[in-house]
Amino acid sequence: MPAKYNKKEKPSPTRRTLLKGGLAFGLTAGVTPFAIGKPKPTLRVMGTHVTLQEAIRQRAMEDLGINIAFEPGGSARVLQKASMLPNSFDLYEQWSNSINVLWRAQAIQPIEKKRLLYWEEINNLTKTGKLTENAREGAGDAPHKILHVQGNGSLGEKHTDGISFLPYVHNVDSFGYDTTKLPVELQSEEESWGWLLDSRYSGRVGIVNDPTIGLFDLALAAQAKGFMQFEDIGAITEYELDDLFNLLIELTQLNHFNGFWTSVPESVEFMKSGRVSIESMFSPAVSALNGQDIPVKFAAPKEGYRGWHGVMCLSSATQGRAKDVAYEYMNWWLSGWPGAFIARQGYYISNPQRSASYLSKAEWDYWYEGKVASEPLKGTDGKISVKAGAQRNGGSYETRLSNVAVWNTVMPTYEYSLQKWYEFITA
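Residue numbers for the sequence shown follow my numbering, so the first one is 36 and each next one is one higher.
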């Protein structure tokens, strides 16, 4: 990583500057300037509220001179729609556990590396699976294992000219908890996934309603509590799933779980309303709650994190000018400003060095280096989400991404796990 960064955010490039650079960009990416008098093209982006935010849409439209239509929704719903109706989107944004579903459904097409302006800047997390030599690779679908399109049409680790997704946003997830409602007996203990199944939280637990995410939160919790052990937590067998869900359904009948959320705003409301005191959480929700002075802490579990990697996928139905515009948007995401924007909600970008100059030194030190905040820091909503003197739980970017226990994954037992999941949430 670079040793020094500008203390002040660089001014955004003007439209004139972008157009001047557009000639070189066009030669690289195979696009041509917009014809005078013709309507602007519209890019259709489907995904979740995590990245499909209005501020991002507005900035991208301003910088690129195009129209962009966002269609955000719950992760399970949008994945189902995208896998069945590739004509309904141009780009799809979600997490790496969606890749195998989309690829098998032939809903997405390979992305050409040669059209990605910043490919060489993308770090080794996605390319080799490790940011540091001693990092845990993590069980399950580590992103580098499903990135490259192999000669036989499968996805694998061998580097080729085509990739299944653009590596961009990523992070490690765990759970969040209201520090004012932490049971006394747990206050002196290390944070653990087992807290999600601790009886002292009974009736106040929320779980993300996604069988490729929530399932691993609960599997990690069951293992941490000593209720069961998995031979490979990234490839849980049908027999192990039976045991796990028998346990979870029994807890459901004891009213241990208070609810299952499907979107980041819903998870915020769960905690804000007092409905839950602990729940599966994504970083933007924690940031939003802290910005409202609700003291929620994002845990750094001693067992390791559940990792996720954002994927931006190109619809198999997108061709021609729409495809060119899709590449423009993909390149824009790695151009600096977007990476700085999402850093303020706790997310990382695959080429952080380009975003560093768009962050103040205090922001870079807190979000990427894991240092104490030297001043109050604002989130993406403009509200103070980090108070001076605070330190990010879990440490630096390299430390956190080197401690992944399991990645969001579509397991070989995916279909069976779906059946068990719906039995669980309707029990």
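We treat Cβ as the ideally placed atom computed from N, Cα and C, and that holds for glycine. The structure displayed is predicted, hence computed values, not measured ones.
By a beta-carbon distance limit of 8 Å, glycine 345 does not contact glycine 414. Their separation comes to about 18 Å. Secondary-structure assignment with DSSP links threonine 161 through no beta bridge to anything. One thing to note: lysine 165 has its Cβ within 8 Å of the Cβ of glutamate 172. For alanine 462, there is no enclosing beta strand (DSSP E), as DSSP gives it neither H nor E. The residues Val207, Asp208, Ser209, Ile248, Phe251, Asp252, Leu255, Val439, Ala440, Val441, Trp442, Asn443, in chain order, have a CB closer than 8 Å to that of arginine 341 in the same chain once the five nearest residues on each side in sequence are set aside. Between serine 350 and isoleucine 143, the CB-CB gap stays under 8 Å. A Cβ-Cβ distance of about 6 Å is found for the pair alanine 257 and leucine 232, placing them in contact under the 8 Å criterion. Counting C-beta pairs with one atom in each stretch, the segment 277–291 and the segment 347–367 have fewer than three that are closer than 8 Å, which means they do not touch. Unbroken alpha helix (DSSP H) stretches of 4 residues or longer found wholly inside the segment 216–287: 249–259, given in chain order. Within the same chain, Cβ atoms closer than 7 Å to the Cβ of tyrosine 203 are found at Gly345, Met347, Trp368, Leu369, Ile384, Ser385, the five residues on either side in sequence being excluded. Ranked by Cα distance from asparagine 132, the options Ala378, Trp343, Val113 are led by Trp343.
DSSP places glutamine 388 in the uninterrupted alpha helix (DSSP H) bounded by 387–390. Our two residues, arginine 310 and asparagine 293, have alpha carbons roughly 7 Å apart in a direct line. In the three-state DSSP reduction, tyrosine 383 falls in the strand class (E or B). From the listed residues Ile242, Glu285, Ala270, the smallest Cα separation to methionine 306 is found for Ile242. Between valine 85 and tyrosine 403, the alpha-carbon positions lie close to 19 Å from each other. Tyrosine 457 has its alpha-carbon roughly 42 Å from the corresponding atom of glutamate 155. A buried status is given to lysine 455, since no fewer than 16 other beta-carbon atoms sit within 10 Å of its beta-carbon. Assigned with DSSP and collapsed to three states, arginine 92 falls in helix. Taking all protein chains shown into account, tyrosine 432 has 16 or more neighbouring C-beta atoms within 10 Å of its C-beta and is therefore buried.
Nearest neighbour of methionine 446 by Cα position, chosen from Gly269, Arg427, Ser234, Asp245, turns out to be Gly269. An exposed status is given to serine 223, since fewer than 16 other beta-carbon atoms sit within 10 Å of its beta-carbon. Boundaries around glycine 82 are those of the beta strand (DSSP E), 77–82, since no alpha helix (DSSP H) includes it. In the three-state reduction of the DSSP assignment, alanine 174 falls in the strand class. Taking C-beta atoms under 8 Å as the contact rule, serine 318 and glycine 381 qualify, at a distance of about 3 Å. Rounded to the nearest angstrom, the gap between the Cα atoms of lysine 418 and glutamine 388 is 25 Å.
By the neighbour-count criterion, in which 16 or more other beta carbons inside 10 Å mark a residue as buried, glycine 261 falls on the exposed side.
An exposed status is given to alanine 462, since fewer than 16 other beta-carbon atoms sit within 10 Å of its beta-carbon. In chain order, Ser390, Tyr393, Leu394 place their CB closer than 7 Å to the CB of alanine 375, counting only its own chain and leaving out the 5 sequence neighbours on each side. For glutamine 88, the closest C-alpha among the options Glu450, Phe459, Asp416 is that of Asp416. If you look at alanine 378, you'll find it in the alpha helix (DSSP H) that goes 372–378.
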